[in-house]
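J.:
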Amino acid sequence: MNELEFNIRLYLSGVMEPWTDRIDSTDQLTPQRFIFNAMTELFDSLSDDDLEMIRLRYMERLTLSEVASLYLLNECTVRNHTNPTIKQVKEIIKKATEQAQHEREVD
1 MNELEFNIRL YLSGVMEPWT DRIDSTDQLT PQRFIFNAMT ELFDSLSDDD
51 LEMIRLRYME RLTLSEVASL YLLNECTVRN HTNPTIKQVK EIIKKATEQA
101 QHEREVD
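Residue numbers (the UniProt record's numbering): 1 to 107.
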């Protein structure tokens with residue numbers, strides 16, 4: 001499981017919030033808190049169908065073809081609905097990683 005899939009599965013399963021709270025009991029914006037807050041904002045902005053397509057891909061591990069079949073869409077349409085979100089999650093993870101590296105360099 002890659003970092004992208006791990007974070008999406010952690011968020012959609014409902015585990016990310018209590019996990020983040022346990023790791024981060026301060027008011028500082030830690031990388032874990034940044035990821036959780038950014039993913040909450042991102043996923044809250046999705047339509048129900050787009051969120052469900054992401055859930056089916058990453059929680060149920062369906063292929064694009066299987067998701068397309070469920071929605072009676074072609075794979076390209078499903079990809080167009082899910083790829084922008086996936087790219088944003090990758091950017092969130094990248095920013096959190098850069099933040100953590102910067103904090104280590106400062107300390």
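Ideal placement from N, C-alpha and C gives every residue a C-beta, glycine not left out.
Apart from the five residues on each side of it in sequence, which residues of its chain come closer than 6 Å, Cβ to Cβ, to Leu-12?
T.: These residues qualify, in order along the chain: Arg-55, Met-59.
J.: Given that a residue counts as buried once 16 or more other Cβ atoms are within 10 Å of its Cβ, and exposed if not, what is Arg-104?
T.: When all chains shown are included, Arg-104 counts as exposed.
J.: From Val-15 to Thr-77, what distance separates their C-alpha atoms?
T.: Distance between the alpha carbons of Val-15 and Thr-77 is about 30 Å.
J.: Note down the Cα distance separating Glu-41 from Arg-61, rounded to an integer number of angstroms.
T.: Whole-angstrom Cα-Cα distance: 23 Å.
J.: By the three-class DSSP mapping on this structure, what secondary structure does Asn-37 have?
T.: In this structure, Asn-37 counts as helix in the three-state DSSP scheme.
J.: In this structure, how does DSSP classify Ser-13 when only helix, strand and coil are distinguished?
T.: Coil at Ser-13, not helix or strand.
J.: Have a look at Tyr-71 and Met-39 and give me their C-alpha separation to the nearest angstrom.
T.: Distance between the alpha carbons of Tyr-71 and Met-39: 24 Å.
J.: Taking only the alpha-carbon atoms, compute the straight-line gap between Asn-2 and Val-89 and give it to the nearest angstrom.
T.: Distance between the alpha carbons of Asn-2 and Val-89: 12 Å.
J.: Once DSSP output is grouped into helix, strand and coil, what is the label at Asn-83?
T.: In the structure shown, Asn-83 sits in a helix (DSSP, three-state: H, G or I).
J.: What residue ranges within the UniProt domain "RNA polymerase sigma-70 region 4" (43-90) form continuous alpha helix (DSSP H) runs of no fewer than 4 residues, ordered along the chain?
T.: If we require 4 residues or more, the alpha helix (DSSP H) runs fully inside the UniProt domain "RNA polymerase sigma-70 region 4" (43-90) come out as 48-58, 64-71.
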